[in-house]
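Quick notes on the structure that follows.
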Amino acid sequence: MKMRKMQLGKLEVFRTLGAIGVLSMGVQGHDVSAADAPAAWRKVLTFDVMDPARDLQADLGNGRVLVADHDDSTGWDIGVYKKPRRAESPNLLYDGSNQHGPQPWQVYAWTMQEATFPDVRLIEYGSPQRRLKIVLTGCEARDLDGSVAFSKGAVDVYAAP
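Okay, so the sequence shown: first residue is 1 according to the working numbering, each after it adds one.
Here it is, written out as structure tokens:
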């Protein structure tokens, strides 16, 4: 009988620990949402998706530069690079685990039309961990002879402090 009471006691301990774990997860979730408040982000770049420029840049500090490269056939590739940026410089947004298929920092008309990614994209990268937020506003796409192109809209890129 004592053995049975001891097992029930352990079960109660595990239930309590489980409840504490759930509560701490809730607190962590609250901290994350507080960090996502507008005051926690700094707007570093804004551009119209129809902008004819090929290369828009913004200084992120800490020896990093944000670059939005425009390609008429697809849209915009957003990257973060160490300064000075060279042709062979790797995009720090690639985490190395998945380099196939569309990526959330690629602002392409067809991925927007197919809702591949949400209009607000949070991206973590680097060491120490840094964050970007890419926000598509009022973006629309149209079909053009078998391909898809932007017809209007803007992109805002924010960096977390």
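Where is the CB? At the ideal position from N, CA and C, for every residue including glycine.
Please read these numbers as outputs of a predicted model, since none were measured by experiment.
Discussion item. Helix, strand or coil, according to DSSP, for Val-22 in the structure here?
Written reply: What you label residue 22 is simply residue 22 of the sequence shown in a count that begins at 1. For Val-22, the predicted model reports a pLDDT of 30, less than 50, meaning its position is unreliable; a value from the coordinates is still stated below. Per DSSP, reduced to three states, the secondary structure at Val-22 is helical.
Worksheet entry | Cβ contact check for the stretch 85-100 and the stretch 136-144: 3 or more pairs under 8 Å | No, they do not touch.
Worksheet item: For Ala-154, does the three-state DSSP call read helix, strand or coil?
Response: Against the sequence shown, residue 154 aligns to sequence position 154. Collapsing the DSSP output to three states places Ala-154 in a strand.
Fill in: Close beta carbons around Asp-31, own chain, < 6 Å, minus the five adjacent residues each side
Residue numbering aside, residue 31 sits at position 31 when the sequence shown is read from its first letter. Confidence in Asp-31 is poor, its pLDDT being 36 and thus under 50, which makes the residue's placement too unreliable to answer from.
Worksheet entry | Paired residues, beta bridge with Lys-133 - DSSP | Position 133 of the sequence shown, counted from the first residue, corresponds to residue 133. According to DSSP, which records beta bridges pairwise, Lys-133 is partnered with Leu-122 and Tyr-158.
Worksheet item: To the nearest whole angstrom, what separates the beta carbons of Asp-48 and Ala-154, a pair I think is in contact under 8 Å?
Response: Walking along the sequence shown from the start, residue 48 turns up at place 48. Walking along the sequence shown from the start, residue 154 turns up at place 154. Rounded, the Cβ-Cβ distance is 5 Å, consistent with contact.
Fill in: Segments of 3+ residues assigned as beta strand (DSSP E) that fall wholly inside the stretch 57-87
Counting only runs of at least 3 residues, the stretch 57-87 fully encloses the following beta strand (DSSP E) elements, listed from N- to C-terminal order: 64-71 and 75-82.
Discussion item. If you reduce the DSSP assignment to three classes, tell me which class Asp-145 lands in.
Written reply: For the purposes of this step, residue 145 is identified with residue 145 of the sequence shown, where counting begins at 1. Reduced to three states, the DSSP call for Asp-145 is coil.
Practice prompt. Helix, strand or coil for Gln-113, going by three-state DSSP, please let me know.
Written response: To locate residue 113, count along the sequence shown from 1; it is residue 113. Assigned with DSSP and collapsed to three states, Gln-113 falls in helix.
Discussion item. Quick check: what's the CA-CA separation for Trp-110 versus Gly-75?
Written reply: In the sequence shown, counting from the first residue as 1, residue 110 sits at position 110. In the sequence shown, counting from the first residue as 1, residue 75 sits at position 75. Cα to Cα, Trp-110 sits roughly 9 Å from Gly-75.
Item to complete: Please report how far the alpha carbon of Ala-34 lies from the alpha carbon of Leu-93, in whole angstroms.
Response: Taking the first residue of the sequence shown as position 1, residue 34 is located at position 34. Taking the first residue of the sequence shown as position 1, residue 93 is located at position 93. In this prediction, Ala-34 has a pLDDT of 48, which is less than 50 and means its spatial position is unreliable; what the coordinates show is noted afterwards. Rounded to whole angstroms, Ala-34 to Leu-93 spans 24 Å at the Cα level.
Worksheet entry | Environment of Met-50 [buried if 16+ CB atoms lie within 10 Å] | Numbered from its first residue, the sequence shown carries residue 50 at position 50. It counts as exposed.
Fill in: The beta strand (DSSP E) enclosing Gln-103, as first and last residue numbers
Looking up residue 103 in the sequence shown gives position 103. Run containing Gln-103: none; DSSP gives neither H nor E here.
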